[in-house]
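Everything on this sheet refers to the single structure shown next.
Numbering (the working numbering), first residue to last: 14 to 280.
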């Protein structure tokens with residue numbers, strides 16, 4: 014249920030150049046694929062933490078992916094991309110942050126015993142949580158993870174604990190397969206009925222959706238989008254979708270961020 018929380022910062026580590034993992038303690042619970050909105054400034058009168066930071070700039074919250082969620086602990090993975098996330102990167106353990114969530118529609122859990130996960134760069138965040146959830150249920154998870162270079166393979170060392178089969182790809186050949194992560198999808202022939210769950214750059218998601226459509230394989234994609242309110246009111250994150258032969262708009266923050274591949278990348 015959507016709530017506003019004041020969560021204590023227990024750990025804030027840099028996992029790569031410009032990429033951070035924020036661990037928070039509190040009662041917020043989220044499903045794989047959902048996200049939260051974090052206040053990086055005073056956020057006017059909306060703070061749940063009592064004391065306010067000295068500045069209200071930037072005013073809007075920042076949407077962050079849930080990388081993991083356990084009882085009493087929430088882990089968020091984010092890349093510094095502007096003033097807001099740069100400000101957040103300076104927060105220290107012992108402090109607290111105002112968090113709104115959980116938000117959005119997460120990944121549906123597959124009924125079968127197999128699943129294929131395809132991550133690109135920072136898109137590994139929600140898929141790590143999904144992989145851990147499926148692994149705990151005894152599912153067979155085939156995880157494909159790609160990035161521009163080895164440094165972009167965030168948390169690759171930790172993925173071994175949540176999947177028995179992991180394939181890495183880098184565009185510069187510095188680790189794993191030399192090429193695009195989507196080139197590795199044919200390796201999933203041993204998973205003929207497994208659905209595909211993907212998160213990453215739009216071009217990667219489009220390719221994944223196309224390959225799945227050609228193979229008549231079920232596909233779910235998690236979109237990355239700029240958003241302001243995070244609750245569907247501002248309509249700033251709408252995308253065009255095709256459902257039942259009808260073209261319509263959907264809000265990434267409410268109807269998404271997870272969609273069927275054919276809904277956003279053509280039937």
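Glycine included, every Cβ here is placed at the ideal spot set by N, Cα and C.
- Checking the DSSP bridge columns, you'll see residue 159 partnered with 133 and 182.
- Looking from the CA of residue 73, the closest CA among 101, 41 and 89 belongs to 101.
- Residue 128 carries a strand assignment under DSSP once its states are collapsed to helix, strand and coil.
- Here the C-alpha atom of residue 224 lies approximately 12 Å from the C-alpha atom of residue 233.
- Apart from the 5 residues on each side of it in sequence, residue 218 sits with its Cβ closer than 6 Å to the Cβ of 211 and 234 in its chain, given in chain order.
- Looking at 36, 226, 203 and 26, the one whose alpha-carbon comes closest to that of residue 273 is 226.
- Collapsing the DSSP output to three states places residue 232 in a strand.
- One Cα belongs to residue 275, the other to residue 215, and the distance between them is close to 13 Å.
- One Cα belongs to residue 96, the other to residue 48, and the distance between them is close to 20 Å.
- Spatial neighbours of residue 120 in its own chain (CB-CB distance under 8 Å, excluding positions within 5 residues in sequence) are listed in chain order as 44, 45, 46, 139, 143, 210, 233, 235 and 271.
- In this chain, residue 225 is not harboured by any beta strand (DSSP E); it is covered by the alpha helix (DSSP H) spanning 215 to 227.
- Contact annotation, residue 112 with residue 191: C-beta distance approximately 40 Å; criterion of less than 8 Å not satisfied.
- The shortest C-alpha to C-alpha distance from residue 108 to any of 155, 53 and 161 is the one to 53.
- In summary, residue 205 is exposed, with fewer than 16 beta-carbon neighbours lying within 10 Å of its beta-carbon over all protein chains present.
- The alpha-carbon separation between residue 179 and residue 166 amounts to approximately 12 Å.
- With 16 or more neighbouring CB atoms inside 10 Å of its own CB, residue 123 falls in the buried class.
- With fewer than 16 other CB atoms across the displayed protein chains lying within 10 angstroms of its CB, residue 14 is exposed.
- The shortest CA-to-CA distance from residue 134 to any of 141, 159 and 255 is the one to 159.
- Nearest in C-alpha terms to residue 23, of all of 213, 71, 106 and 50, is 106.
- DSSP places residue 101 inside the alpha helix (DSSP H), whose first and last residues are 96 to 101.
- With respect to the 8 Å criterion, residue 51 and residue 110 are classified as neighbours on the basis of their beta carbons.
- Across the structure, residue 75 and residue 264 are spaced so that their CA atoms are roughly 16 Å apart.
- When C-alpha distances from residue 118 are compared across 230, 38 and 78, the shortest belongs to 78.
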